[in-house]
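Heads up, the thing below is written out as structure tokens.
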Amino acid sequence: MPVLRPLRALAAAAAALAVGLAGWAAPTPASAASPLDGFDPGNLISDAAFYRPGAMTRAEVTAFVTQIGAACVPNADKTPCLKDYTVPTPALTATAYCAALAANPANTGAGIVADVATACGINPQVLLVLIQRESSLLTRSGSQLTRQMYNQATGAGCPDFTGCAPDWASYFAQVYGAAERFQKYRQHPERYNHRAGTTVQIAYHPETTCGKASVYLQNQATAGLYNYTPYVPNQAAIAAVSGTGDACSTYGNRNFHRILRAWFPATASGSTAPPIAPSPPATVTPALTETLARASQLTAARTGNALAPMTCTAAGVCSKRYANLTIWWTAARRTTLGVAGVTAPPASYTDAASSGFRNEVEWLTARRIATGWPDGTFRPAQPIARDAMAAFLHRAAGAPAFTPTRQTFRDVTPDNPFYREIEWAASVGITTGYPDGTYRPLEPVRRDAMAAFLHRASGSPALTPPARATFTDVPAGLPFRAEIEWLVASGVTTGYPDGTYRPWDPVSREAMAAFLYRRAGG
Numbered sequence: 001m002p003v004l005r006p007l008r009a010l011a012a013a014a015a016a017l018a019v020g021l022a023g024w025a026a027p028t029p030a031s032a033a034s035p036l037d038g039f040d041p042g043n044l045i046s047d048a049a050f051y052r053p054g055a056m057t058r059a060e061v062t063a064f065v066t067q068i069g070a071a072c073v074p075n076a077d078k079t080p081c082l083k084d085y086t087v088p089t090p091a092l093t094a095t096a097y098c099a100a101l102a103a104n105p106a107n108t109g110a111g112i113v114a115d116v117a118t119a120c121g122i123n124p125q126v127l128l129v130l131i132q133r134e135s136s137l138l139t140r141s142g143s144q145l146t147r148q149m150y151n152q153a154t155g156a157g158c159p160d161f162t163g164c165a166p167d168w169a170s171y172f173a174q175v176y177g178a179a180e181r182f183q184k185y186r187q188h189p190e191r192y193n194h195r196a197g198t199t200v201q202i203a204y205h206p207e208t209t210c211g212k213a214s215v216y217l218q219n220q221a222t223a224g225l226y227n228y229t230p231y232v233p234n235q236a237a238i239a240a241v242s243g244t245g246d247a248c249s250t251y252g253n254r255n256f257h258r259i260l261r262a263w264f265p266a267t268a269s270g271s272t273a274p275p276i277a278p279s280p281p282a283t284v285t286p287a288l289t290e291t292l293a294r295a296s297q298l299t300a301a302r303t304g305n306a307l308a309p310m311t312c313t314a315a316g317v318c319s320k321r322y323a324n325l326t327i328w329w330t331a332a333r334r335t336t337l338g339v340a341g342v343t344a345p346p347a348s349y350t351d352a353a354s355s356g357f358r359n360e361v362e363w364l365t366a367r368r369i370a371t372g373w374p375d376g377t378f379r380p381a382q383p384i385a386r387d388a389m390a391a392f393l394h395r396a397a398g399a400p401a402f403t404p405t406r407q408t409f410r411d412v413t414p415d416n417p418f419y420r421e422i423e424w425a426a427s428v429g430i431t432t433g434y435p436d437g438t439y440r441p442l443e444p445v446r447r448d449a450m451a452a453f454l455h456r457a458s459g460s461p462a463l464t465p466p467a468r469a470t471f472t473d474v475p476a477g478l479p480f481r482a483e484i485e486w487l488v489a490s491g492v493t494t495g496y497p498d499g500t501y502r503p504w505d506p507v508s509r510e511a512m513a514a515f516l517y518r519r520a521g522g
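For the sequence shown, position 304 matches number 304 in this note's numbering, and the numbering has no gaps at all.
And the structure:
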């Protein structure tokens, strides 16, 4: 199977793109009006250039990596710059694709590139560009450097939607695996989808709704690059040069050309012709554009990794699955959030789209913690009543089965719509009511009481309040101060910008959605 590539829109630093050694100096503006001049989707690089392991000596590779990363400093966690990276590398026996490699107890990042290029018959410049395209390791510095970048240096073994294979999680495995893979493509073209001398349909994007372009592959090197990264840049990606295109843009093969031309112009095509855009053009739908925009706004921390391309039914109901949730789209409702694994879009409200907590309200609804009002509203700004709070907490706990055996509060009789939920809350210690034996179900929940409710619903974890109060209006001795400080420590609340918590203010329904969302780890 071909190794599919994750999508990255690399934007190498301008200083890095201008750096070169003798023989590889960046072209002058007069000779290259655009970094994408000469881009031809059917001829990304010649075979003679791609399969030229002697293009640089080991010393030259080392000098290039050192010079282009000259400004790099290690991360505070001690993740090193590529120019300073050393690691023991194992002895490998010869295979049908690569010659034997001797063990090296202290190999370098550049040395690994040179050794693998020689053993596997690949131009080391190709491997350097591939590393930069996938992980930017040659120019990353400081806090931008992570161990994960080394483990995914060339993107080998990292299929779209499924994550990276553990067996590939080392810098050496990444470089060797990529070079070996290119030789496998070369020696067994019949096993792969993209073959030299044929016209093939190449996807624009892992999102299948974007469509495919018809591309004649002029040589094996180009076919190999598409087997490795099976996407062609669309018109928007090409027009953006080094920036971001549209929802159907991918950048891997565009950036290969761009970085190769900047760093090693003698190896790249010398053409100054304008870049060629593939055809037919990609199909960019509102459903995909708005879904991906919503996911970006939520951030990957909330959505989790994408699990599959977006799918749409004949009725125009589209969905895209992420690890933590599903984003639904229809022409009438646009995007709404759903729970991962649920096969139908959740209800929506006529008054929640403009809420500052829209994401949290939709999450609350998708989890069936809130159902809104019969008139289709959520009433986000309305204070949440104590009876509704009991219902929210009961549903957030998974709606456990419970049959009340007696009436706890004199103002909550069995005919109360939330009698069962309030009695459940009392039975598990979430509420004790008031000293006069009432629960006061229709009173708004105050922010101090909300902290107590959530703390008890979470099992009343132990907490010693900090010596210095977090909020100016929650001093030592205030009832529920410990619970409020627990909310802060748990990331459920940050208070207001003026340093207050406002413990006696009522909690709005939309704010309650946010508190429950954060408590669940959102």
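Backbone N, C-alpha and C define an ideal beta-carbon position, used for all residues, glycine too.
None of these values were measured; they are calculated from a predicted model.
Item checked: Reduced DSSP secondary structure (H/G/I, E/B, other) of Ser135 -> helix
Checklist line | Arg195 to Tyr176 span [Cα, whole Å] | finding: 22 Å
Next item on the list: State the DSSP-derived secondary structure class of Lys212, mapped to helix, strand or coil.
Entry: strand
Check: Should the region 60-80 be regarded as contacting the region 127-141, the criterion being three or more beta carbon pairs within less than 8 Å?
Finding: The answer is yes - the region 127-141 touches the region 60-80, with three or more Cβ pairs under 8 Å.
Checklist line | Buried or exposed (CB count within 10 angstroms, at least 16 for buried), Ser135 | finding: buried
Notebook entry, point to check: Who are the Cβ neighbours of Ile276 in its own chain at under 7 Å, not counting the five residues just before and after it?
Noted result: Phe39, Asp40 and Pro41
Next item on the list: Check whether the Cβ atoms of Pro53 and Asn123 sit closer than 8 Å, and answer yes or no.
Entry: yes
Note to self: Taking the alpha carbon of Ala396 as the reference point, which residue from Ala323, Gly243 and Leu364 has its own alpha carbon closest?
What the structure shows: Leu364
Next item on the list: Keeping to the same chain, check which residues put their C-beta closer than 8 Å to that of Phe161; ignore five residues upstream and five downstream.
Entry: Excluding sequence neighbours, Phe161 sits near Pro206, Asn305, Ala306, Leu307, Ala308 and Pro309.
Note to self: On the CB-based measure, 16 or more other CB atoms within 10 Å of its CB, does Leu325 come out buried or exposed?
What the structure shows: buried
Check: For Cys328, which residues does DSSP report across the bridge?
Finding: Residue 328 is actually Trp in this sequence, not Cys. Ser319 and Thr336.
Checklist line | Rounded straight-line distance, which links the Cα of Ala203 to that of Thr93 | finding: 37 Å
Margin query: I'd like to know whether the C-beta atoms of Ile45 and Leu260 end up nearer to each other than 8 Å.
Written below: Ile45 is a Cβ neighbour of Leu260, given a cutoff of 8 Å.
Check: In or out: Tyr501 buried (at least 16 other Cβ within 10 Å) or exposed?
Finding: buried
Next item on the list: Between the Cα of Tyr251 and those of Ala520, Tyr226 and Val73, spot the shortest distance and give me the residue it belongs to.
Entry: Nearest option by C-alpha distance: Tyr226.
Notebook entry, point to check: Which whole-angstrom value is the C-beta distance of Ala213 and Pro280, which I expect to be below 8 Å?
Noted result: 7 Å
Check: How big is the Cα-Cα spacing for Asp37 and Ala48?
Finding: Going from the Cα of Asp37 to the Cα of Ala48 covers about 20 Å.
Item checked: Selected residue, minimal CA-CA separation from Ala451, among Tyr419, Ser242, Trp504 and Pro466 -> Trp504
Next item on the list: Identify whether Gly521 lies in helix, strand or coil by the three-state DSSP scheme.
Entry: coil
Check: Which term fits Arg406, buried or exposed, when burial requires 16 or more other beta carbons within 10 angstroms of its beta carbon?
Finding: exposed
Item checked: Pro35 burial status per 10 Å Cβ neighbour count (16 or more: buried) -> It is buried - the Cβ of Pro35 has at least 16 other Cβ atoms within 10 Å.
Next item on the list: State the DSSP-derived secondary structure class of Gln382, mapped to helix, strand or coil.
Entry: If DSSP states are grouped into helix, strand and coil, Gln382 belongs with coil.
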